[in-house]
Every structure is written in C-alpha cells, then in structure tokens.
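Encoded as structure tokens, the structure appears first; notes follow it.
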Amino acid sequence: MPPPPPPHEDVVHSEPFLRSLMRRQLSLSIACAVTFLVVLLGLPLLNYFAADLMATRVAGFTLSWLVLGVLFFPFIWIISWVFIRRSIALEEDEVKSVKR
Amino acid sequence: MITPLAFLNGVDPWIFTFSLVTVVVTIGMGIWSARTSKTASDFFVAGRSVSVGWNASAISGEYLSAASFMGIAGMVMSSGYDALWYPVCYACGYLFLLLFIAGPLRRFGAYTIPDFAEGRYDSPVFRKIAVVFVLFIGFFYTMPQMKAAGTTLAYIFPGMPYWGGVVLVGAVITLNVALGGMKGITLVQAVQYWVKLFAISAPVFVLMAVFGFYNGQLGANTAPGEAAPAVQSVERKPLVPKAPKDASWIAPFGPLTTKAVNAAAATIKDDAARKAYLEEHQRPYSLLYTYSLIMALVCGTAGLPHILVRFYTNPDGAAAKRTTMWVMILIGVFYVFPPIFGVIGRNLTPDLYSGIGAKGTDKVVLELPTLLAAKFGVLGSILSGITCAGAFAAFMSTFSGLLVSMTGALAHDVYGRMIRPEATAAQRMSMFKWCAILVGGIAVILGCFVEPLEIAFMVGQAFAIAAASYFPLLFMSVWWRGMTMKGAAAGMLTGGLGALVAAALTNVATLSLDPGPMGKVFAGFKPMNIFWAAHPLLRILCEQPAIWAVPLSIGLMVVVSKLTAGQVPGNLRKKMLVLHAPEQLGLKQEYIQDQAGGAGH
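Protein sequence lines correspond, in order, to chains L and H.
Just so you know, we're using our numbering here: the first sequence kicks off at 24 and counts up by one.
Just so you know, we're using our numbering here: the second sequence kicks off at -8 and counts up by one.
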C-alpha cells in the first residue's frame, strides 16, 4: 500500500532538509553521549590514579562504591530526560518548518 | 516417602507454594492470551498496540534476567566492587539505545533486525546473514538462564540434581511459548517486572532492618589503607579461606579483573620476581579488563535481539524514546538492590564462597532470607518464598523472550522465507510451535553443561557478542549513508564471530578445570589454561573481547564500504528520511510489506 503523498513533497525530499534533520538529531545525541561517556569512562581512571580519594569513606560506603552503586542511576535518568525533551522539541520544530 | 517422590524430602512448604504459584500463573496467563491472539502478526509483535507504560514494564520484565536477579548479587559477593559494573552498565546500555537507535529503528517499520537488514540494504541475502546472530546471541544468553533454573530448583528441592531443574524449567517454558506467542508474553512480562521488583526489594528491606543497613554492611569491610573496618557494629561471620580479602574486595581492580594476572604470577617460583611481576602488570591489565567489560555491556544492550523487537510494539518513534527512558528508570531502581544482597551475603553467609556450581555464591539471593527463618520462623519462610518466586519470574521471562525471538527467526526467516516461502498461514503457525520445541531443547542441553560458570559472567559474554555484531550494524546503518551491504556484512560477521569464538574458548577452558563431571567432559581444553598463564593479556582479551571486537567490526564496515562505494543501496535518501523524519510528515511506510499486514493473510 503506497503511503499518502506527503505535504510539500519538494521540501521534505530535498537534500538540505535531510542533511539538517540528521545533523540536528545527531549533534544532540552526541552531546548527551559525550557527557555520559566522560563520567562513565572517567570513573575507572579516577579509581586508577586517585585510589586514595576514591577510597574515602562516606557514611560507610567508599566514595567509589557510592558513585557507581547508587548515584550513577539518577545521573543517567537526568541525561535521558534532557535528551527526550530536546529531541521531541526538535521533531516538532521540523514538522512546523515543513508545514509552514 | 515413596522413592519417585524422594526429591520432595526437606522441601519448605512456603517456598514450594510461592514458586508453584508463579509458574502456574505465568502459564495460565500464557494460555489465556493464546485464545485472544489469532493472527501471525499477533504472535510476532503483539499487533503493535502496546502503551508506553505497559511496554516499558514489559521490556524491563524481559530484560531483568536471572543474571540481574541472582547473578549480580552472586558476583558482587564473589568479586566485590568490580562486579558493580554489571548492573550499572546493564542500565546505561539503554542510554546508548535511546540516543542513537530507538527512535529511528521504530520509524523504519521493520519487525526484527533481519527485517531491518533486508529493508535497509534491499538484500534478502543479508537477511540470511543477519538472522544467524539472533541464534548465536540467543543461545549464549539462554545458558545462564538455565543455570539459574537449575540452581533455584536444586535449592527448593534439595534432592534434585542440577540437570533435573534445567530440564523441568526448560520444558515448562518451551511449552508455554509454543502455546502463547508474544502477545501473552507482553502481559506476562509486564506483570513479572513488578513481581521481580517486589521480590528483590522486600527481602532486602527486612534483611537491612534486622542485620544493619547497606552502608553499615559495606562499612564492616576494611578498605585499603584502613587499620580497622569503618563500621564494627554489624554482625559478621568469619570468612572462609576461599573468600577474597576485604581490601581487594571493596576496592576497584579486585579478584574479577586481576584473575588472569594472578594466575600468571602463580607460575613464577621466585617470590621477589613474582611480586615485581604483579606490581608491573596487575593494575594496568585490570584497567583494560574494566574498559572492555564496560564496552561490551553498554554497546551490547543496544544489540540484543529480544529487546529490540519490543521497540516495534511502540506506536511511533517518539513513544519509542519515551519507553526507553521509562525502562531506564524501572531497571535503575531494580539494580540498586541486588548488590545489597551480595554485600550482606559476604558478612552473613560466607560458607557460600566454598560452594561450587549450583551451591556457590550465585544462590546468595535465595539463601539469605532463610537466615530470617531461623529468627522469625514462618515470616522468614514467606520471604524466602518471595525471592524464589522472583527468581522464577526472572529466568522464565527472559528465557521466554529469547525463545520467542529465536523461534521467530527460525519460523519466520529460515522457514517462511528461505525453505518454504509459499507456506500457508496455518503451516507457519504450526512451524512456530515446532521451532519453539527445537530451540528450547537445544537450550536445555547447553544449560546442562554450564553449572560451573558464573551467571552474570555468561550474560556478559552474550552482550559482548551483541556489541560486536548487531550494535555496529544498527549504529552505522542509521547514521552513515555510505554503508554498503558488503561492508555491513563483513564487519558484523568478523566482529561477532571473533567475539563468539573468544568467549567460547574462555568457557571451555574454565569448564576443563571443574572438579565435577564437566572437568572430565572438557578435559581436552586444559592446556589452554597453561598457555593463558603464560600470556595473561591474551586471556583478558579472550574473556572480554569487546575492546578489540567492536572497533574491528566498525573499522571493517567503514573500510569495506569505502571499497565497494559504488554499491550503496538505491533510494537511499528516501530510506534515511523514513529513519529520521518525524511520523507527522507522513513518510512512514511499512518496509516489509507482507509482514506489515501480518503474515497471516
């Protein structure tokens, strides 16, 4: 079954539209991923080079254990919440720019 | 008691009842929903009509396997801090999935990864290549579920052999899948998430209230550089000789990541030379191990076939993104609890360190609530029953999900498209049932071999294979327009098979050291351990292959695609638009036509 003809076919199917569509979503994704990866990949480095600091006791936990076993989860929730809000806003913006 | 029922000796009635109820309710829901799902489309992806809340619960229910429920607690107990990477990365893998894959994949309108592979590259041949990994990853993932089943049943029925539990549970779930399909499973999985969350958290709260909180239990371990434990008020039983020392257990780079170097050092006779060797190699190698493990788990989540198929049950790309966020919240909440079991277990049930196979640390989740039974009688038995019910929910739901994916691949791709494309709907439906029985049978046989391996470790291997095969395929196909079918196939096959062989070699070598019957079966692989003792770096790269397999896979995809640049699939702009444009623009189309309408026409 062929899809219904999209509105303003020329705009939607143009190369610049696709390029901007992919670039905007990808740069948002990459910004979020970098924030996340810096923390995720930085933690082993801290454990390696600042072992004494990471072994500091915080209410019975070692600092390293507290960060990885407890605090890491809220951190990724925040990133995903920011991403979803921005990403859905981007999409609405794209739809608006085509329908205008 | 009569001899055939001898295995019922010493069974706690509460534990037995709770477990039985879980199994019966699960099967009941399967049968009930089988009556409401009639078409093949219902069987494969639940008619694509599942709300965000249900879908997020169902994905979480399916994802939280025996590795999460029992394996993580066991591994935290046996290896300490390093094992924490497992729960954390199981959860953050979804972030990668959310950022790069979830929305576009749903928009493309294909059912499964093989569908996507065919649609994106216009190549039925590529589908056949892609479908193979559903089976590879699936079988690797079912092995730890089977170990959990064997362990739990051996715990409930002290007289039952490990393989008995594997066969019994495998048979029950296989039958359930053959009768119910996935529609049943969506409902069952969603309910099972909440069962699992309750079953892991309720006993933890009671245990902490009675024996001391998380921080206190952890504080009872002496960290490196401390003269005495930070908290000394918590009850603690003496550690057995096989248990790791406090300092290496609570700090990073402990027994899990230093195993290979320690084995290598053990072959050095001279004390001073051994010390120097450890000094030089131990920490750098464990850092490498840690990074490879992180990479496997984070990338692997985004390439698990039984999870990805669930994203097609979202109504649109935006819903797929919302679902992913809710999944992260649901599983994140869950993953705080299993490590607590491990920490308490180290203080209160240290004898588990000397147990092997089904009697080892992997059963700490089941064992701890019985301590309450000694103090509080029936209440303790009830809590024990609840954790057993949770364990059943864990391996049943994941095993069912895997079985559906693998059976779908066999019935839908291998039979329906390769062997007999002209098969009628009725033939396909009956083939689905036979394939379920075949796949379930193989999974049970594999499960019988893996008793000596740790549950969480085996799941990690399945992730490594997914990370090196499906993750690069999806990530690159969605974001890079220059990919060709040959590039995708070359990267996926080389990386995925490389990781598969490496993981399998590690397993057979470990099995050859088992003092039980498996040691005899795999005795031929013993020399490999001697080789690895001489080359600990190679051992780490085999045990955790992601760090070379993922870049290899992506690198090959780029190189081969550049070499075959003339073969970029036609109509590319249209495909990229479908992947990335919001649905409101009206570009969405169901790529694989005959499945979109339901194969049941």
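Glycine included, each C-beta is placed from N, C-alpha and C at the ideal position.
What you are looking at is a predicted structure, and each value in this text was computed from that prediction instead of being measured.
{"Check": "With DSSP run on the structure shown, which of helix, strand or coil describes Arg80 (chain L)?", "Outcome": "strand"}
{"Check": "Could one say the Cβ of Gly110 (chain H) lies closer than 7 Å to chain L's Cβ atoms, at least one of them?", "Outcome": "no"}
{"Check": "DSSP on Thr248 (chain H), reduced to helix/strand/coil?", "Outcome": "helix"}
{"Check": "Pair every Cβ in the region 287 to 298 of chain H with every Cβ in the region 449 to 457 of chain H, then say whether three or more of these pairs are closer than 8 Å.", "Outcome": "yes"}
{"Check": "Taking contact to mean at least 3 C-beta pairs separated by less than 8 Å, is the region 107 to 126 of chain H in contact with the region 38 to 58 of chain H?", "Outcome": "no"}
{"Check": "Residues of chain L with a CB under 8 Å from the CB of Cys290 (chain H): which are they?", "Outcome": "Here the premise fails: no neighbours, minimum Cβ distance about 12 Å."}
{"Check": "Return helix, strand or coil for Thr292 (chain H), following the three-state DSSP convention.", "Outcome": "helix"}
{"Check": "Taking the alpha carbon of Phe99 (chain H) as the reference point, which residue from H:Ala427, H:Leu278 and H:Leu299 has its own alpha carbon closest?", "Outcome": "H:Leu299"}
{"Check": "Does Gln586 (chain H) have its Cβ less than 7 Å from a Cβ in chain L?", "Outcome": "Low per-residue confidence applies at Gln586 (chain H): pLDDT is 38, beneath 50, and the placement is therefore not dependable, though the value from the model is reported in the following sentence. Output row for Gln586 (chain H): interface = no."}
{"Check": "Report the start-end ranges of each alpha helix (DSSP H) in the region 130 to 203 of chain H that is 4 residues or longer and not cut off at the edges.", "Outcome": "153 to 202"}
{"Check": "Does DSSP put Thr8 (chain H) in a helix, in a strand, or in coil?", "Outcome": "helix"}
{"Check": "Could you give the distance in angstroms between the alpha-carbon of Leu393 (chain H) and the alpha-carbon of Met476 (chain H)?", "Outcome": "27 Å"}
{"Check": "Bridge partners for Thr85 (chain L) per DSSP, in chain order?", "Outcome": "L:Arg80"}
{"Check": "Quick test of your reading: Phe332 (chain H) and Val356 (chain H), contact by CB under 8 Å. State the CB separation rounded to the nearest angstrom.", "Outcome": "5 Å"}
{"Check": "If we cut at 7 Å on Cβ distances, does Leu41 (chain L) have a partner in chain H?", "Outcome": "yes"}
{"Check": "Could you spell out the range, first to last residue, of the alpha helix (DSSP H) harbouring Lys477 (chain H)?", "Outcome": "Met476 to Ser503"}
{"Check": "Taking Cβ positions only, does Ile101 (chain L) come closer than 7 Å to chain H?", "Outcome": "no"}
{"Check": "Since I believe Phe107 (chain H) is in contact with Leu90 (chain H) (beta carbons under 8 Å), could you give me their beta-carbon distance rounded to a whole number of angstroms?", "Outcome": "Not quite, the Cβ-Cβ distance comes to about 18 Å (not below 8 Å), so this is no contact."}
{"Check": "Determine whether the Cβ of Lys312 (chain H) lies closer than 7 Å to any Cβ atom of chain L.", "Outcome": "yes"}
{"Check": "Pull up the distance between the alpha-carbon of Phe34 (chain H) and that of Pro39 (chain L), whole angstroms please.", "Outcome": "Reliability fails at Phe34 (chain H), whose pLDDT of 45 lies under 50, so the model's placement of it is uncertain and no value is given."}
{"Check": "Could you tell me whether the Cβ of Phe59 (chain L) comes closer than 7 Å to any Cβ of chain H?", "Outcome": "yes"}
{"Check": "Measuring straight from C-alpha to C-alpha, what distance separates Ile285 (chain H) and Cys83 (chain H)?", "Outcome": "10 Å"}
{"Check": "Using 8 Å for Cβ pairs, my map puts Phe60 (chain H) next to Gly432 (chain H). What's the rounded Cβ distance?", "Outcome": "Not quite, the Cβ-Cβ distance comes to about 24 Å (not below 8 Å), so this is no contact."}
{"Check": "Does any CB atom of chain L fall closer than 7 Å to the CB of Val79 (chain H)?", "Outcome": "yes"}
{"Check": "Taking buried to mean at least 16 other C-beta atoms within 10 Å of its own C-beta, is Ser37 (chain L) buried or exposed?", "Outcome": "exposed"}
{"Check": "Closer than 7 Å by beta-carbon distance: list the chain H residues that pair up with Gly92 (chain L), in chain order.", "Outcome": "Leu75 and Pro330"}
{"Check": "Can you find the residues in the same chain that come closer than 7 Å, C-beta to C-beta, to Glu3 (chain L), ignoring five residues on each side of it along the sequence?", "Outcome": "This structure gives no information on residue 3 (chain L), because the portion of chain L shown stretches from 24 to 123."}
{"Check": "Does Ile(-7) (chain H) get closer than 7 Å to chain L when you measure Cβ to Cβ?", "Outcome": "With a pLDDT of 44 at Ile(-7) (chain H), under the threshold of 50, the predicted position of this residue should be treated as unreliable, and no value is reported."}
{"Check": "Between which residues of its own chain and Cys379 (chain H) is the CB-CB distance below 7 Å, once the five residues before and five after are set aside?", "Outcome": "Ile6, Phe9, Ser10, Thr143, Ile147 and Leu357"}
{"Check": "Taking Met519 (chain H) as the reference, give the member of H:Gln535, H:Lys266, H:Met509 and H:Leu502 with the closest Cα.", "Outcome": "H:Leu502"}
{"Check": "Looking at C-alpha atoms only, which residue of L:Leu60, L:Ser110 and L:Leu69 is the closest neighbour of Trp88 (chain L)?", "Outcome": "L:Leu69"}
{"Check": "How about the region 159 to 172 of chain H and the region 187 to 200 of chain H: do they share at least three Cβ pairs that are nearer than 8 Å?", "Outcome": "no"}
{"Check": "Just mark Lys566 (chain H) as buried or exposed, buried being the case when its beta carbon has 16 or more other beta carbons within 10 Å.", "Outcome": "buried"}
{"Check": "To the nearest angstrom, report how far apart Pro4 (chain H) and Arg408 (chain H) are at their CA atoms.", "Outcome": "49 Å"}
{"Check": "DSSP state of Val222 (chain H), grouped into three classes?", "Outcome": "coil"}
{"Check": "Three or more C-beta pairs under 8 Å: does that hold for the region 320 to 330 of chain H against the region 568 to 576 of chain H?", "Outcome": "no"}
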